[in-house]
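There are 2 protein chains.
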Amino acid sequence: MEKLLDALKALSDETRLRILNLLYEKELCVCDIMETLQITQAKASRHLIYLKNADLVKDRKHAQWVYYSLAIDERIKFIDSLVYDNLRNLELYQNDLQNLKDWLKRKTMNCD
Amino acid sequence: MEKLLDALKALSDETRLRILNLLYEKELCVCDIMETLQITQAKASRHLIYLKNADLVKDRKHAQWVYYSLAIDERIKFIDSLVYDNLRNLELYQNDLQNLKDWLKRKTMNCD
DNA sequence: CTCTTATATTCGCTTATGCGATTATAAGAG
DNA sequence: CTCTTATAATCGCATAAGCGAATATAAGAG
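These protein sequence lines map, in sequence, to chains L and W. Per our numbering, the first sequence starts with residue 6, numbered consecutively. Per our numbering, the second sequence starts with residue 6, numbered consecutively.
Here it is in structure tokens:
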């Protein structure tokens, strides 16, 4: 199956790794990712679709939002090791998690 | 450290995965890899150098041969999982291992 | 030295990738 | 309906990647 190669290609780009790192925390919509990583909407959308085509994430539409979440089954559990043992030792990805936390907090407050 | 990204880029090409799969068996010279995978010398050499630059393999020169072997430390042990749990379930990579075995046998016999 | 073998490097080409900017689509909100 | 917000798709461009063919280098062999 060449799906493995697709998955590896999906993992060979920093932006997609950063997105995947966020999705390991929780399901997120496109705008959460744009805000957290400070990237353009087109860029976020493009890379999410790339990850989806590689079967690493799945999406779910609700009203005008599209929510993305992990779709990593045990066939490719090496990705768990990659994220927990490697990615998250790096400052960039740690900072992204903190930024996500901050963003989600601000977002909730604005709804009050 | 961006070395992780280099490693992932190195893993996103089928030829390099096939080479890595072989090196998980044993140290090999460039010509073993050409013969086993039936690829050109330039292609084998190029991809081995790519893997070396990503710190996934190391080389050792002996007489006119250059021997390549794994250089995967525990920082990137997710690659072990990738190879043993994913790659080696795929027919292509299983066949490559058989071809390697056959080639090494033939090679030894020619030296008698 | 000269020839052969093993490996690396360069060249020119083709295709793939990533990007910003823009446009299209789709669902609410009012 | 019309306007706004969220997301996807398209376009044109620049750069990277992979390839075969040819050439360069380096070490033995004779």
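Built from N, CA and C at the ideal position, the CB exists for glycine as well. Values in this document were obtained by computation on a predicted structure and should not be read as measured data.
query, result
"From this set, W/ILE84, W/LYS106, W/LYS14, which residue's C-alpha is nearest W/ALA59's C-alpha?", "W/LYS14"
"Roughly how many whole angstroms lie between the Cα atoms of L/ASP117 and L/LYS110?", "Annotation note: pLDDT 44 at L/ASP117 (below 50); position unreliable, coordinate value reported separately. Cα to Cα, L/ASP117 sits roughly 11 Å from L/LYS110."
"Would you call the region 54-71 of chain L in contact with the region 26-39 of chain L, where contact means no fewer than 3 C-beta pairs closer than 8 Å?", "yes"
"Strictly under 7 Å for the Cβ-Cβ distance: is L/GLU19 near chain W by that measure?", "yes"
"So which of L/LEU53, L/LYS82, L/HIS52, L/TYR55 has the shortest CA-CA distance to W/TYR89?", "L/LYS82"
"Hey, would you say L/ARG23 sits closer than 7 Å to L/ASP78, going by beta carbons?", "no"
"I want to see whether chain W comes within less than 7 Å of L/LYS14, judged by CB atoms only; does it?", "yes"
"For W/ASN26, decide whether its Cβ has a neighbour in chain L, counting only Cβ atoms nearer than 7 Å.", "no"
"With 16 other CB atoms within 10 Å as the buried threshold, where does W/THR41 fall?", "buried"
"Within its chain, find whatever has a CB closer than 8 Å to the CB of W/HIS52; leave out the 5 residues flanking it on each side and keep chain order.", "ASP18, THR20, ARG21, ILE24"
"Using a Cβ-Cβ cut-off of 7 Å, state whether W/ASP117 counts as contacting chain L.", "Since pLDDT at W/ASP117 reaches only 44, below the 50 mark, its modelled position is unreliable, and no value is offered."
"Which residues mark the beginning and the end of the beta strand (DSSP E) in which L/SER74 is found?", "70-75"
"For W/LYS57, report the span of its alpha helix (DSSP H) as first-last.", "46-58"
"Could you round the C-beta distance between W/VAL71 and W/ALA49 to whole angstroms and report it? I think they count as a contact, below 8 Å.", "So it is not a contact: roughly 11 Å between Cβ atoms."
"Against chain L, which members of the region 40-64 of chain W pass a CB distance test of less than 8 Å?", "none"
"Entirely within the region 85-115 of chain W and at least 4 residues each: give me those alpha helix (DSSP H) ranges in chain order.", "96-115"
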